[in-house]
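Shown next, in structure tokens, is the structure this report addresses.
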Amino acid sequence: LAALLFGVALGNIIYGVPLDDKMEYAGGFFSLLRPVPLLFGLTGLAAVLLQGASWAVLKTEGSLQDRSFQAVRALTAVNAVLAAVYFTVLFVVVLRISGNPFFYAAVLLTLAGLLTLFLAPGKKHETGPIRGSSLSLTGLFLAAGAAQFPNLITASNDPGLSLTIYNSSTGIYTLQVMAVIALAGMPVVIGYTIFVYRLFRGKAKADDHY
């Protein structure tokens, strides 16, 4: 549900929502559930499910891994269809994206990821699905960023009311403080993540329990 709602929210931000002259949301609940945002939600949900199935391939063995490979194969087909529609909609809806090289890089990344995913199950490459899924997911996010920049929230009723990095950024002092906090905190987050992944590295076996 979280993956679906995240995609729907991202779709609304990119596709646009009605904003009033105070740059506040002026629509209703059901106006957030339009076809384009729902497409974004389904694309995000399918991508997250594929990432999960790919991780299961890497971490399991035997019959469970075989089932995970089958899930990867099915979800790859679903992701390929949704990604094609997703990129087409972005190209048609966000006119400025046609001149953005990052958009085309995102398309190539996603294609490379999907190709890796299509080949991996047949050859039983354990690392293939997670590499392909990660590439594809990166491409989808890169395309969203390319479509949205420099907007933070696009106003569907008047582009002039859109919240951008220029009219909605905070003061320079706050930005400097946040930069220092990020520089101090990120090494801790990265270190903890590496520690956790090293702690749980290897296959998850049936007899691995307390």
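Take 184 as the starting number for the sequence shown in the numbering used here and just add one per residue.
Backbone N, C-alpha and C fix where the C-beta goes; we use that ideal spot for every residue, glycine too.
Indicate the three-state DSSP secondary structure (helix, strand or coil) for residue i in the structure shown.
i	result
Thr-226	helix
Tyr-349	coil
Asn-283	coil
Val-200	strand
Leu-184	coil
Leu-335	strand
Phe-383	coil
Thr-259	helix
Thr-243	coil
Given residue i, which residues of its chain have a CB within under 7 Å of its CB, disregarding the five upstream and five downstream residues?
i	result
Phe-270	Val-290 and Ala-326
Ala-288	Leu-325
Trp-238	Ile-313
Glu-244	Lys-386
Thr-321	Leu-292
Met-206	Leu-344 and Leu-346
Lys-242	Lys-386 and Ala-387
Please name the residue or residues paired with residue i in a DSSP beta bridge.
i	result
Asn-340	DSSP, once it has assigned bridges, lists no residue as partnering Asn-340.
Tyr-208	Leu-202
If you draw a straight line from the C-alpha of residue i to the C-alpha of residue j, how long is it?
i	j	result
Ala-387	Val-371	26 Å
Ala-185	Tyr-375	24 Å
Tyr-208	Leu-335	13 Å
Leu-216	Ile-197	13 Å
Ala-254	Leu-221	23 Å
If you drop the 5 nearest sequence neighbours on each side, which residues of the same chain put their C-beta closer than 6 Å to that of residue i?
i	result
Leu-382	none
So, at 8 Å on beta carbons, what are the nonlocal neighbours of residue i in its own chain, with the 5 sequence-adjacent residues on each side left out?
i	result
Leu-225	Leu-187, Gly-190 and Leu-265
Leu-247	Ala-239
Ile-234	The identity of residue 234 in the sequence shown is Gln, whereas the question assumes Ile. Once the five neighbours on either side are set aside, the close Cβ partners of Gln-234 are Ile-313, Ser-316, Ser-317 and Leu-320.
Would you please state the rounded distance, in angstroms, between the beta carbons of residue i and residue j? I believe it to be under 8 Å.
i	j	result
Asn-262	Ala-229	5 Å
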